[in-house]
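Peer 1:
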Amino acid sequence: MNKKAMILMVGGLIFCLTGACLAKMSAQQVINQMRGAYEQRMSGIDDLTMVTKGTAGIMAMMGESTIYQKRAEIAGKTVYKTRTEIQFMG
0 MNKKAMILMV GGLIFCLTGA CLAKMSAQQV INQMRGAYEQ RMSGIDDLTM
50 VTKGTAGIMA MMGESTIYQK RAEIAGKTVY KTRTEIQFMG
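When the letters of the sequence shown are read in order and numbered with numbering that gives the first Met the number 0, they come out as residues 0 to 89.
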């Protein structure tokens, strides 16, 4: 079998199978599902620290940024308060 024909068949099969699943979900259902998955993953996390440093182009000269997130309870909802620190080179 030709390689191009095989790629088209597999791609078409994947498109047909996933298209039917995606068409049955509304945008609100997708958002609710994503929110639930996010809340489940974050349930055991109280503090979160992310450090990013650019490594290419102009971002390499920018330095380093640190984002701190701390869990808080506001109006009965769990939120993460964010604080960002940026350290410039030079």
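Yeah, the Cβ is synthetic: ideal placement off N, Cα and C, and Gly gets one too.
According to DSSP, is A71 helix, strand or coil?
Peer 2: The sequence position of residue 71 within the sequence shown is 72, counting from 1. Correct three-state label for A71: strand.
Peer 1: Quick check on the DSSP output: the alpha helix (DSSP H) that includes M58 runs from which residue to which?
Peer 2: Position 59 of the sequence shown, counting from 1, holds the residue named residue 58. Segment 57-61, the alpha helix (DSSP H) holding M58.
Peer 1: Which stretch, first to last residue, makes up the beta strand (DSSP E) that contains M49?
Peer 2: Start at 1 with the first residue of the sequence shown, and residue 49 comes out as number 50. Element bounds for M49: 46-52.
Peer 1: Leaving out five residues before and five after K80 in sequence, what residues of the same chain have Cβ atoms less than 6 Å from its Cβ?
Peer 2: Counting from 1 along the sequence shown, the entry for residue 80 is found at position 81. Within the same chain, K80 has close Cβ partners K69, A71.
Peer 1: Suppose you measure from the CA of G62 to the CA of I85; what does that come to, to the nearest Å?
Peer 2: Locating residue 62 in the sequence shown gives position 63, where the first residue counts as 1. Locating residue 85 in the sequence shown gives position 86, where the first residue counts as 1. Distance between the alpha carbons of G62 and I85: 7 Å.
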